[in-house]
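Numbering (this note's numbering), first residue to last: 593 to 771.
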């Protein structure tokens, strides 16, 4: 951070504020403490019968790879509203939301993922501006090596395991940096 977002001063330093336990950006001019917190990503695992919907990414990172519809949560929306918005933006999909399905922390990139499960209400979907194509896949048809992100891979694995057991549970975990 080079300038204070409150007063515009360039008197910003990185140090530990009194009563805190970690370095923060501090403005020497107005005294503002700038907290930089993790980003929340929300998404949906859309399903219809024994198939799941995936989107082929039209944007970086991982352009051309497959993913579940997801993206950054916006201010002023709930996590469920954000997940529905992302499914519309990426796949023009109409979804009836089920429960929260997985929560994954990815500390090395400062992200928290909240993924819901949701049933497609129709097959009138197609690529939005961030997708090259959208398709339904059965378990054996999933392009596993082409899945864009580890969180999506894990969420899909959980889904097919839970489907076989006939019971869907909340999954939690941490995805650590690969060395």
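Think of the CB as a built atom: it goes at the ideal place given N, C-alpha and C, for glycine as much as any other residue. Here the structure is a predicted model, which means the values were calculated and not measured.
TODO: Assign residue 674 to one of three DSSP states: helix, strand, or coil.
DONE: Walking along the chain shown from the start, residue 674 turns up at place 82. In the structure shown, residue 674 sits in a helix (DSSP, three-state: H, G or I).
- [ ] Within 10 angstroms of the Cβ of residue 627, are there 16 or more other Cβ atoms? Answer buried if so, exposed if not.
- [x] Within the chain shown, residue 627 is the residue found at index 35, counting from 1. It is exposed - the Cβ of residue 627 has fewer than 16 other Cβ atoms within 10 Å.
Task: Delimiting residues of the alpha helix (DSSP H) encompassing residue 638 - done: Indexing the chain shown from 1 puts residue 638 at position 46. Here residue 638 belongs to no alpha helix (DSSP H); instead the beta strand (DSSP E) covers 631–640.
Open item on the list: Quick test of your reading: residue 693 and residue 708, contact by CB under 8 angstroms. State the CB separation rounded to the nearest angstrom.
Closed with: Taking the first residue of the chain shown as position 1, residue 693 is located at position 101. Taking the first residue of the chain shown as position 1, residue 708 is located at position 116. Rounded, the Cβ-Cβ distance is 6 angstroms, consistent with contact.
Task: According to DSSP, residues forming a beta bridge with residue 607 - done: Locating residue 607 in the chain shown gives position 15, where the first residue counts as 1. Bridge partners of residue 607: 616.
TODO: Go to residue 660, then tell me how far its beta strand (DSSP E) extends in each direction, as first and last residue.
DONE: Position 68 of the chain shown, counted from the first residue, corresponds to residue 660. Taken as a continuous stretch (DSSP letters only), residue 660 belongs to no beta strand (DSSP E), as it is neither H nor E.
Task: residue 710 versus residue 601 - alpha carbon distance - done: Here the question's residue 710 lines up with position 118 in the chain shown. Here the question's residue 601 lines up with position 9 in the chain shown. About 47 angstroms.
TODO: Please report the residue range of the alpha helix (DSSP H) in which residue 750 lies.
DONE: Position 158 of the chain shown, counted from the first residue, corresponds to residue 750. Note, residue 750: alpha helix (DSSP H), 742–757.
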